[in-house]
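Residue 332, in the working numbering, is where the sequence shown stops; the numbers in between run on with no holes. Worksheet for the structure shown next.
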Amino acid sequence: MQTTRKIATVFGGSGFLGRHVVQRLTAADYIVRVAVRDVEGAKFLQTMGDVGQVVPLYAPLGNEGDAIRAIGGADVVINLVGILAEGRAGDFMRVHAEGAQLLARLAGAAGVARFIQVSAIGADAQSPSAYARSKAAGEAAVHAAFPRATILRPSIIFGPEDQFFNRFAAMAVNAPVIPIVHGATRFQPVYVGDVAAAVLAALAPEAAGRTYELGGPEVMSFRALIALMLAQIGRRRRIIDLPVALARLQAVFLERLPGKLLTRDQILLLARDNVVAPGMPGLEALGLVPASMALIVPGYLARYRHNGKGTDAAFRE
C-alpha cells in the first residue's frame with residue numbers, strides 16, 4: 016500500500032544552510048517546496064531528489080499571496096531566511112521579525128503540523144545590536160503566532176560554502192595582515208551538516224515549542240579561529256586586533272560598499288561571546304553528536320594552500 020509523501024516548504028532553501036536542509040528532507044522522502052526569490056537560481060536543488068520531488072517556487076518573504084500558495088497543504092514549514100547586514104534601514108526587523116511572523120501566522124492558519132524557525136545564538140531583545148534584537152523579535156513573533164514552533168539558534172556555521180573561514184582564507188592569500196575586531200570574543204562553530212540534521216530532528220513531537228542552541232565541540236576566540244585557519248592553509252600572516260574606535264570608523268565606509276565587509280552593527284554583535292548558554296539544550300538533546308572542525312575544515316580550505324600543501328598542526332594541538 017502506497018503512502019502519501021509529506022510536504023515540507025522551506026523558505027530560504029537555496030542558501031548555504033538551505034541546500035543541506037533540502038538534501039536531508041529529500042533523503043527523508045519529503046516533497047520539498049523551496050520558496051525563494053530567484054527560482055532559476057534554485058533549480059540546482061532539483062538534482063537532490065527524484066523527478067518532481069524538489070519544487071522551487073517564487074515566494075519572496077513578505078509577499079503574503081505567494082507565501083499562502085507555498086504553504087498550503089504543507090505538513091512542515093521551515094524558515095531559514097536571514098540577512099547579516101541591512102540594505103536599508105529597518106531590513107533586520109522586516110526580514111527577521113515581520114517576515115517570520117507572517118510565515119508562522121500563515122502556517123498556523125493553514126493547519127501546518129510543525130514550524131521550525133532558525134534564529135541565532137545571541138538573539139536578545141536588550142542587545143545593542145539591531146541584528147540580535149530583530150532575531151529575538153522574530154522568535155517572540157513566531158511563538159505568539161505558532162506556539163508549538165521550534166526555535167534553533169546556531170553559533171557561527173562552518174562548511175564548504177561558509178562566509179567565515181572562506182572569507183578570511185581568501186583574504187590571507189594576498190593580504191599581509193588579517194584585521195579583526197574583538198579578537199577575544201568566543202565562538203562555538205557548528206558544522207552546517209549538523210545544523211541541517213538538527214532541523215530534521217526538531218520535527219520530532221517532543222521538540223515542539225522548545226528552543227535549542229547549537230554549537231560544535233570546540234569553543235575558541237575569534238583570534239584563535241583565524242590563527243587556526245592560517246595554520247591550516249600554511250600561510251604566515253599577522254593578525255591585528257583593531258581598536259573598536261578605528262574599526263567603527265572603517266565600518267562607516269565599508270558598510271556602504273557592495274558586500275558590506277564590516278558594519279557598525281556587526282562590531283556591536285562581535286562584542287559578545289557567541290556560545291551555547293549553560294543549561295540550554297543543544298545538538299545532544301536532539302540525539303546528534305557535533306562534528307569537530309578538524310574533520311571538516313581541512314578539506315574545503317585546501318584550495319587556499321601553497322600548491323595544495325598545508326599543515327594540520329593546529330588541529331593536533
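All C-beta atoms, glycine included, are put in the ideal place defined by N, C-alpha and C.
### Task
Could you tell me how far apart the beta carbons of Ile241 and Phe173 are, in whole angstroms, since I believe they sit closer than 8 Å?
The Cβ separation is near 13 Å, so there is no contact.
*Determine the direct distance from the alpha carbon of Arg238 to that of Ala329, and round the result to whole angstroms.*
With a pLDDT of 44 at Ala329, under the threshold of 50, the modelled position of this residue cannot be trusted, and the question is left open.
request  = Could you tell me the boundaries of the beta strand (DSSP E) in which Pro169 lies?
outcome  = Per DSSP, the unbroken beta strand (DSSP E) holding Pro169 starts and ends at Thr165 to Pro169.
Find out if the Cβ-Cβ distance for the pair Leu276, Tyr227 is shorter than 9 Å.
Contact flag unset, no.
Quiz item: What number of angstroms, rounded off, separates the C-alpha of Gly97 from the C-alpha of Pro220?
Solution: Going by C-alpha positions, Gly97 is about 25 Å away from Pro220.
Does Ala328 come out as helix, strand or coil in the three-state DSSP assignment? Here the model assigns Ala328 a pLDDT of 43, short of 50, so the residue's position is not dependable, and the following value carries that caveat. Helix.
Quiz prompt | Where the beta strand (DSSP E) containing Arg48 begins and where it ends | solution = Ile46 to Val51
- prompt: Under the three-state reduction of DSSP, which class applies to Gln68: helix, strand or coil?
  reply: Correct three-state label for Gln68: coil.
Is the distance from the Cβ of Pro234 to the Cβ of Arg287 below 9 Å? Here residue 234 is Val; the residue named in the question, Pro, does not match the sequence. No, they are not a contact pair.
- Query: By the 10 Å Cβ neighbour count, where 16 or more other Cβ atoms means buried, how is Val66 classified, buried or exposed?
  - Reply: exposed
What did DSSP end up calling Ala222 once you bin it into helix, strand or coil?
helix
- Item | Ordered list of beta strand (DSSP E) runs contained in the stretch 102 to 167, each at least 3 residues | 129 to 133
What residues are listed by DSSP as bridge partners for Ala23? Looking at the DSSP output, Ala23 sits in a beta bridge with Val47 and Val91.
*DSSP state of Met235, grouped into three classes?*
strand
Taking 8 Å as the threshold, find out whether the stretch 246 to 255 comes into contact with the stretch 201 to 214 through three or more Cβ pairs. No: fewer than three Cβ pairs fall under 8 Å.
Residue interval of the beta strand (DSSP E) (run including Ile193):
Note, Ile193: beta strand (DSSP E), Val192 to Val196.
Sequence-distant residues of its chain with Cβ nearer than 6 Å to Gly28 (five each side left out) | Non-local beta-carbon contacts of Gly28 in its own chain, meaning distances under 6 Å to residues more than five positions away in sequence, involve Val37 and Val49 in chain order.
- Query: Between which two residues does the alpha helix (DSSP H) containing Leu277 stretch?
  - Reply: That residue, Leu277, is in no alpha helix (DSSP H); it is neither H nor E in DSSP.
**Asked** Any idea what DSSP makes of Met16, helix, strand or coil?
**Response** In this prediction, Met16 has a pLDDT of 42, which is less than 50 and means its spatial position is unreliable; nothing more can be read from the coordinates.
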